[in-house]
DNA sequence: TGTACATCAGTGAACGCGCGTTCACTGATGTAC
DNA sequence: TGTACATCAGTGAACGCGCGTTCACTGATGTAC
């Protein structure tokens, strides 16, 4: 072997991980491929030996980040997590202050909506999985209603974390996080709402 | 007068309006000044006669879009709007499908968090105003609690609209909007939650 | 065992292009005398 | 009334730069005979 077995796939993986971090930190449009490759210890020319286009990397990096967070979610669930600890695990200062290793939806959601169909379809598949996982944290009830509530909870925490990142007043930012937690609890555990007729 | 009175400020206003639309459609980072100026019927060189930098335009365009939506909100409130009609006025297919004339937060929130302090401070001021307006739609109660709920409602609708735009399945997108409306009603009208201790 | 060739991940320069920004200039209209 | 000059919004070319993408080449290691 010219390179040890798995060298090529390890290189590719490294590029995906760097991209997943940098896209979340700066947004997809603001990140250049030369910088990503340099961070991965390579030169720009090697990129197209691994990916067809920047859009293909966007799709892979997004899926990688979503898979990682899904694994974290499942792992913490195995430790007996409930809705409140999940909310607090998401809406906290550390997550707010480290978008590069955080939720890709909070960092990139509007941008995802402007990307290629394949990228949006990949996001859609992951979203469905996430909603299932969130629904599992809710008190037993009608499954359709649990899914609707879980979907709204996802929207709530994503929007709330974005708000906490956008405001310039640190104290207000903390209040936003806490308001999101309380609202998430009210939504998830509160008086059940009728499913849409 | 070489130009009719108000010509200069009218030109500036035209640039701001074009930018506010294009930023929301494509994201700030993906929009170039040459294109904005061309849409406003001008050439690139005229830009710096009106703005100090692209960042200054971003701040002005964001404020313009936020002011416009605030005015709409107040106008519809004068017509006797309640929480449900406000939620339906936001979480609907027309809004989802026309980001260029829609909520700047839904289109740009993660990006705002990466912009200059002045831009984030301007956003923060507008957010506070919005939260007050939303709180006014809630049943009378403790003001601090109404503010917290209103903040979460804002996060909920922003995140939900972004989700509806990002997914590639139109039917799922419609379900997301409806789930957001139901959750917004539950949050706003449902069992009151204690304020954080 | 030694030589010629194949493989292939990665290099680094180059492509055309658009970016944000600068600046000398235009030209229509005003004022000064 | 006529001429010289001031004003200023807008023009359009140019600046250096980084973008996504392409491609001829390198060099280390494998295989063939």
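Residue numbers (the numbering used here), protein chains in the order written: chain C, 4 to 200; chain D, 4 to 200. Each residue gets a CB set at the ideal place from its N, CA and C atoms; glycine is no exception. This structure is a prediction, so every number in the text was calculated from the model and none was measured.
Query	Result
So is residue 114/C in contact with chain D if we call contact Cβ pairs under 8 Å?	yes
Within 10 angstroms of its Cβ, does residue 142/D collect 16 or more other Cβ (buried), or is it exposed?	exposed
At a cut of 8 Å, does the segment 111–125 of chain D reach the segment 174–183 of chain C through at least three beta carbon pairs?	no
Does DSSP classify residue 6/C as helix, strand or coil?	coil
Once DSSP output is grouped into helix, strand and coil, what is the label at residue 117/C?	coil
Say whether chain C places a C-beta atom closer than 8 Å to the C-beta of residue 157/D.	yes
If you reduce the DSSP assignment to three classes, tell me which class residue 140/C lands in.	coil
Taking the Cβ atom as the reference point for each residue, do residue 166/D and residue 112/C lie within a distance shorter than 8 Å?	yes
State whether the segment 79–98 of chain C contacts the segment 51–58 of chain C, with contact taken as three or more CB pairs (one from each stretch) at a distance under 8 Å.	no
Within 10 angstroms of its Cβ, does residue 21/D collect 16 or more other Cβ (buried), or is it exposed?	buried
Does the ligand NAP have even one heavy atom less than 7 Å from the beta-carbon of residue 152/D?	For the ligand NAP, the structure offers nothing, since it holds no ligand at all.
Would you mind stating whether residue 74/C and residue 185/D have Cβ atoms separated by less than 8 Å?	no
What's the gap between the Cα of residue 47/C and the Cα of residue 17/C?	14 Å
Would residue 32/C pass as an interface residue toward chain D - the criterion being a Cβ-Cβ separation below 8 Å?	yes
Who are the Cβ neighbours of residue 103/C in its own chain at under 6 Å, not counting the five residues just before and after it?	24, 27 and 28
Please check the pair residue 137/C and residue 147/C, which I expect to be a contact at CB under 8 Å, by giving their CB distance rounded to whole angstroms.	That pair is no contact at about 14 Å.
Quick one: grab the DSSP three-state call for residue 187/C.	helix
For the alpha helix (DSSP H) holding residue 102/C, just list the boundary residues, first then last.	No alpha helix (DSSP H) contains residue 102/C, which DSSP labels as neither H nor E.
Which residue from 72/D, 67/D and 139/D puts its Cα closest to that of residue 106/D?	72/D
Is there a Cβ of chain D sitting closer than 8 Å to that of residue 26/C, yes or no?	no
Leaving out five residues on either side along the sequence, give the residues of the same chain with a beta carbon under 8 Å from the beta carbon of residue 37/D.	47
How should residue 114/C be labelled, buried or exposed, when 16 other C-beta atoms within 10 angstroms of its C-beta is the threshold for buried?	buried
Here's the rule: buried if 16 or more other CB atoms are within 10 angstroms of the residue's CB, otherwise exposed. What is residue 79/C?	exposed
Would you give the residue range spanned by the alpha helix (DSSP H) that residue 93/D belongs to?	86–93
Could you have a look at residue 126/C and say whether DSSP puts it in helix, strand or coil?	helix
On the premise that residue 109/C lies in contact with residue 170/C, defined as a C-beta separation below 8 Å, what is that separation, rounded to the nearest angstrom?	That belief does not hold up - the Cβ atoms of residue 170/C and residue 109/C are roughly 14 Å apart, past 8 Å.
How many Å lie between residue 77/C and residue 86/C at the Cα?	13 Å
Assign residue 68/D to buried or exposed, taking buried as 16 or more other Cβ atoms, counted over all protein chains shown, within 10 Å of its Cβ.	buried
To the nearest angstrom, how far is it from the Cα of residue 134/D to the Cα of residue 32/C?	30 Å
Rounded to a whole number of angstroms, what is the C-alpha to C-alpha distance between residue 3/C and residue 62/C?	Nothing in the structure corresponds to residue 3/C, since chain C is present only between 4 and 200.
So what does DSSP say about residue 46/C, is it helix, strand or coil?	coil
What is the C-beta distance between residue 125/C and residue 65/C, in whole angstroms, given that I count them as a contact (C-beta under 8 Å)?	7 Å
Looking at the unbroken alpha helix (DSSP H) that takes in residue 157/C, where does it start and where does it end?	146–169
Using a Cβ-Cβ cut-off of 8 Å, state whether residue 123/C counts as contacting chain D.	yes
Quick one: Cα of residue 129/C to Cα of residue 34/C, how far?	23 Å
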